[in-house]
Amino acid sequence: MTKPSVLVARAVFDDVVDRLREHFDVETNPGDQVFPKAELIERLKGKQGALTTGSERIDGEVLAANPQLRVVSNIAVGYNNFDVPALDARGVLGTNTPDVLTETTADFGFALMMATARRMAESEHFLRRGEWNRWSLTMFAGSDVHGATLGILGMGRIGQAIARRGALGFGMKVLYHNRSRLAPEVEASLNARYVDKATLLRESDHLVLVLPYSASSHHAIGAAELAQMRPTATLTNIARGGIVDDAALAEALKAGRLAAAGLDVFEGEPQVHPSLLEVPNVVLTPHIASATLATRRAMANLAADNLIAGLGFGPDAGRPPTPINPNVLPLR
Ligand code: 8YV
509 MTKPSVLVAR AVFDDVVDRL REHFDVETNP GDQVFPKAEL IERLKGKQGA LTTGSERIDG
569 EVLAANPQLR VVSNIAVGYN NFDVPALDAR GVLGTNTPDV LTETTADFGF ALMMATARRM
629 AESEHFLRRG EWNRWSLTMF AGSDVHGATL GILGMGRIGQ AIARRGALGF GMKVLYHNRS
689 RLAPEVEASL NARYVDKATL LRESDHLVLV LPYSASSHHA IGAAELAQMR PTATLTNIAR
749 GGIVDDAALA EALKAGRLAA AGLDVFEGEP QVHPSLLEVP NVVLTPHIAS ATLATRRAMA
809 NLAADNLIAG LGFGPDAGRP PTPINPNVLP LR
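Heads up, the sequence shown is in my numbering, so the first residue is 509 and it goes up one at a time.
The following block contains the structure:
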């Protein structure tokens, strides 16, 4: 019996590819770049499934050119690279990798927020430039994290994990805003208070963004929102580029209307807005919030589980663990 074919759109761990080879003919990406769309469409020809990495746009055009495609399995919790209505319309299953990255990503979000508040990147650059030949009481004086007000925009699993770190570990007052309010017992367990977005912007000392990207969250933080924040506040984005208007953010940082920003994600990444590279009061990282070896392995394995089960193989055949659109199951 011939095996179904799948595409692994960017390099993953060899043993994960071996797991896929037990069931499928596997084509891998020989490089480390995202396939341009035309190439992705070509390489998907004849493939029933694909492992994607959050950056490959799977939309109506890709699906129409590849009507044999049945499962697209993202190695990411966010799936704004998938056009879900287009997947639904063609009965294609999309899957993602929630849960396995929650605590790792929350660790990073908290670390980035702390590095931003305490000016770690800016002060390291000063040291590396050989300028540490002077001292003053206010040299690289930042703002406290402990006891401060932590604002969280987007209170899903990762937002809640950050809230726990803030409330339990650092005695922070936690405010959040979300599409829907948490159940009272969850709010109580996190010691978090629901507020409207304007209050969140106005009262946060450290605002962390953890909401999914969609048309409605595009530029959720733009010039108008930044103007409502305290000039002493920090902003940390571990969600998606495009949620923040990076040009407006750079302006606010330059003008001293915001103390500092920590950014792991960027509009148009891997390009970074040139103005952000010029302002000193930023900590910039290349989209690595989930990047520990253990977590990246867990994500890749969960994505493989989804692909294998989604295409009807393995012990969970037909029951992929983390489907995005289970409404399309069982697959044709
Ligand atoms: C991924 C992420 O590392 O899970 C997500 O949504 O943004 C990151 O954890 C990235 O998408 C590459 O797979």
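All C-beta atoms in this analysis are idealised placements derived from N, C-alpha and C, irrespective of residue type, glycine included.
Rank Pro512, Ala572 and Phe616 by C-alpha distance to the C-alpha of Gly554 and give the top, closest one. With distances taken between Cα atoms, Gly554 lies closest to Pro512.
Indicate whether Asn814 and Pro828 have their beta-carbon atoms separated by less than 9 angstroms. yes
Continuous beta strand (DSSP E) assignments of at least 3 residues falling wholly in the region 753 to 821: Counting only runs of 3 or more residues that sit fully inside the region 753 to 821, the beta strand (DSSP E) segments are 768 to 771 and 790 to 792, in chain order.
Three-state secondary structure (DSSP) of Thr742: strand
Whole beta strand (DSSP E) elements within the region 631 to 664, 3-residue minimum: 657 to 661
Measure the alpha-carbon distance for Val682 versus Glu711 and round it to whole angstroms. 10 angstroms
Tell me which residues pass a beta-carbon proximity test against ligand 1: closer than 5 angstroms to any heavy atom, given in chain order. Thr561, Gly562, Ile583, Ala584, Val585, Gly586 and Ser798
Measure the CB-CB distance between Ser725 and Arg748 and report whether it falls below 9 angstroms. yes
Between which two residues does the alpha helix (DSSP H) carrying Val570 extend? DSSP places Val570 inside the alpha helix (DSSP H), whose first and last residues are Gly568 to Ala573.
Does DSSP classify Leu548 as helix, strand or coil? helix
With C-beta atoms as the reference, is Pro606 less than 9 angstroms away from Arg665? yes
Indicate the three-state DSSP secondary structure (helix, strand or coil) for Asp533 in the structure shown. strand
If we ignore side chains and look at the alpha-carbon of each, how far apart do Met817 and Gln736 end up? Residue 817 is actually Ala in this sequence, not Met. Looking at the two C-alpha atoms, the distance is approximately 48 angstroms.
Per DSSP, what are the beta-bridge partners of Thr560 in this structure? Asn582
Is it a yes or a no for the region 626 to 634 touching the region 567 to 587, going by three-plus beta-carbon pairs under 8 angstroms? no
Round the Cβ separation of His685 and Leu658 to the nearest angstrom and send it over; I've been treating them as touching at under 8 angstroms. Between Leu658 and His685 the Cβ distance is about 12 angstroms, and since that is not below 8 angstroms, they are no contact.
Option in Leu571, Thr610 and Asp567 with minimal Cα separation from Val585: Taking only the C-alpha atoms, the option nearest Val585 is Thr610.
Tell me whether Val703 sits in a helix, a strand or coil according to DSSP, three-state version. coil
Going by the C-beta, is Ala594 closer than 8 angstroms to any heavy atom of ligand 3? As for ligand 3, it is missing from this structure, which binds only ligand 1.
Identify every residue that forms a DSSP beta bridge with Ser513. Asp533
When you compare the CB positions of Ser841 and Asp704, do they come within less than 9 angstroms of one another, or not? One cannot answer for residue 841 here, as it falls past the ends of the chain, which runs 509 to 840.
Below 9 angstroms between beta carbons: does that hold for Arg565 and Lys545? Yes. Within cutoff.
According to DSSP, is Leu715 part of a helix, a strand, or is it coil? strand
Going by beta carbon distance, what residues of the same chain come within less than 6 angstroms of Glu775, once the five residues before and after it are set aside? Gly749, Gly750 and Asp754
By a C-beta neighbour count over all protein chains shown, 10 Å radius and 16 as the cutoff for buried, is Ser688 buried or exposed? exposed
Is Thr744 near Val716, with beta carbons less than 9 angstroms apart? Their beta carbons are under 9 angstroms apart, which means Thr744 touches Val716 by this criterion.
Go through its chain and collect everything with a Cβ distance to Ala614's Cβ below 7 angstroms, but skip five positions before and after it. Ile666, Ala669, Ile670 and Arg673
Could you compute how far the alpha carbon of Ala767 sits from the alpha carbon of Ala760? 9 angstroms
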